[in-house]
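J.: Numbering (this note's numbering), first residue to last: 546 to 772.
Each residue gets a CB set at the ideal place from its N, CA and C atoms; glycine is no exception.
1) Could you name the residues that DSSP lists as bridge partners for residue 688?
2) Between residue 754 and the rest of its own chain, which residues show a CB-CB distance below 7 Å, the 5 nearest in sequence each way excluded?
3) What does a CB cutoff of less than 6 Å around residue 655 pick up in its chain, not counting 5 residues either side in sequence?
4) What are the start and end residues of the beta strand (DSSP E) that includes residue 585?
5) Once DSSP output is grouped into helix, strand and coil, what is the label at residue 724?
6) Which partner residues does residue 705 have in the DSSP bridge list?
7) State the Cα-Cα distance for the pair residue 763 and residue 769, rounded to the nearest angstrom.
8) With distance defined between alpha-carbon atoms, name the residue in 627, 611, 588 nearest to residue 602.
9) Could you tell me whether the stretch 707-716 touches the stretch 590-599, where touching means 3 or more Cβ pairs closer than 8 Å?
10) Return helix, strand or coil for residue 604, following the three-state DSSP convention.
11) Would you call residue 579 buried or exposed, if buried means 16 or more other Cβ atoms sit within 10 Å of its Cβ?
12) Counting pairs of beta carbons, one from the stretch 746-753 and one from the stretch 716-731, are three or more of them closer than 8 Å?
13) Alpha carbons only, please: which of 566, 729, 637, 663 is nearest the one belonging to residue 704?
14) Could you check if residue 617 is buried or exposed, using at least 16 other CB atoms within 10 Å of its CB as the buried criterion?
15) What did DSSP end up calling residue 651 once you bin it into helix, strand or coil?
16) Between the alpha carbons of residue 659 and residue 623, how many angstroms are there, rounded?
17) Pull up the distance between the alpha-carbon of residue 678 and that of residue 573, whole angstroms please.
18) Which stretch, first to last residue, makes up the alpha helix (DSSP H) that contains residue 736?
19) When we look at the beta-carbon of residue 756 and count the other beta-carbons within 10 Å, is it buried (16 or more) or exposed?
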């Protein structure tokens with residue numbers, strides 16, 4: 546019955562979605578990899594830049610058949626042993642791999658000038674749900690993204706660089722959205738608290754966090770303990 550009386554807990558959500566976005570070189574991927582039982586889905590082909598990455602689990606897709614290979618691994622249960630799946634980056638997953646796969650399947654989804662048609666973007670969102678999200682159960686999904694900037698006068702606002710309706714869906718579905726920025730003192734902070742200057746969300750009431758340097762004792766397990 547879909548009516549829950551006062552005092553009755555909601556059904557548990559299928560997956561937890563966390564989005565971290567911001568400037569390059571702000572330890573977004575490295576910080577996420579301090580989670581326990583995590584695997585990096587390296588659609589950005591930049592995992593070599595992450596701290597201590599050779600001691601972490603990684604999925605490195607084939608550039609020629611990346612989405613087909615990824616879909617096979619999902620259906621084969623290759624990611625079942627991991628609690629945390631880190632998508633780096635969400636835009637690369639969608640535009641570099643999934644959109645290419647869709648166009649190979651249906652060439653009419655590509656505009657004559659390149660890129661997806663409106664119908665193609667609809668197919669992109671549907672296949673993202675069908676091939677990936679629907680295959681996940683009781684996982685923590687971390688989506689890494691760069692930032693978009695929009696300047697009006699002296700005010701600059703920041704948002705995740707994830708295209709189309711899929712990007713909007715991810716932003717709405719996310720339980721936590723953190724804007725990652727470099728500080729004046731050379732450190733890094735993650736902003737979960739509400740702001741008019743950037744997209745953020747803090748369902749878990751974490752607040753804003755200063756990310757420790759990877760050489761400090763607090764670095765090990767930082768994501769696991771704090772986020």
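T.: Taking the coordinates as given:
1) 564, 632
2) 734, 735, 771
3) 648
4) 583-587
5) strand
6) 692
7) 11 Å
8) 627
9) no
10) strand
11) buried
12) yes
13) 566
14) exposed
15) coil
16) 33 Å
17) 22 Å
18) Residue 736 -> not in any alpha helix (DSSP H); beta strand (DSSP E) instead, spanning 733-736.
19) buried
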